[in-house]
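Below you'll find the structure, written out as structure tokens, and then a few comments.
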Amino acid sequence: MSYSFKRQWPSLAMRTGVLPFRAAMGSEAEILLIRRHGHIHWSIPKGKPIAGRELHEAAAIEAYEEAGVTGRVWSNALGSYLHDKTPKLFGERPKIVEVITFALEVVSVELQWPEMDMRERQWVSIKHAADLVRPGQLRDMIKAFVPERVLEAQSD
Numbered sequence: 001m002s003y004s005f006k007r008q009w010p011s012l013a014m015r016t017g018v019l020p021f022r023a024a025m026g027s028e029a030e031i032l033l034i035r036r037h038g039h040i041h042w043s044i045p046k047g048k049p050i051a052g053r054e055l056h057e058a059a060a061i062e063a064y065e066e067a068g069v070t071g072r073v074w075s076n077a078l079g080s081y082l083h084d085k086t087p088k089l090f091g092e093r094p095k096i097v098e099v100i101t102f103a104l105e106v107v108s109v110e111l112q113w114p115e116m117d118m119r120e121r122q123w124v125s126i127k128h129a130a131d132l133v134r135p136g137q138l139r140d141m142i143k144a145f146v147p148e149r150v151l152e153a154q155s156d
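Be aware that the sequence shown starts at 1, since it is given in UniProt numbering, and climbs by one per residue.
Here it is in structure tokens:
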């Protein structure tokens, strides 16, 4: 897989994620956040890279599986952040991974999606989204996100 983004933490396991957004004319842009049922903090769709797919393509697949959205994904990464993976087994230590994140302009929102029994989703303003995720690099990425800049860069 080739990508132009230079990883900040190349020794860590890598994940790929998307920041799903919608920008309506005349109103504030919104970000779609997800969380597992029963979890406090919200996050963004993310998962392991997929063999034979570019990172941004794998991220778009995760957006559909975890949040039921499809759209236009940018191939240039917004950045990356560190994420503590919750242990799946009792006694297992948390795992820290680097999540390379891409913008995804949502075009379609499905009423049913593969992981709907495990996750909930909600559209929120960028400011409110930053308040709902854990403090740290993802929050900073959301605060710095300007959809208009992403859209302008795509049209160049």
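All C-beta atoms, glycine included, are put in the ideal place defined by N, C-alpha and C. None of these values were measured; they are calculated from a predicted model.
Could you compute how far the alpha carbon of residue i sits from the alpha carbon of residue j?
i: R121; j: L151; result: 23 Å
i: M1; j: E62; result: Caution applies to M1, whose pLDDT of 40 falls short of 50 and renders its modelled position unreliable; the value that the coordinates give is listed next. So the two alpha carbons sit approximately 17 Å from each other.
i: P10; j: L111; result: 37 Å
i: M118; j: W42; result: 13 Å
i: D140; j: P114; result: 29 Å
i: A103; j: V124; result: 16 Å
i: T86; j: R149; result: 33 Å
i: K48; j: R15; result: 5 Å
i: H83; j: L55; result: 17 Å
Does the beta-carbon distance from residue i to residue j come in below 8 Å?
i: F5; j: I100; result: yes
i: I96; j: A67; result: no
i: G79; j: I44; result: no
i: L12; j: E92; result: no
Buried or exposed for residue i, please, with buried defined as at least 16 other CB atoms from any protein chain shown within 10 angstroms of its CB.
i: G136; result: exposed
i: F145; result: buried
i: A59; result: buried
i: V107; result: exposed
i: K46; result: buried
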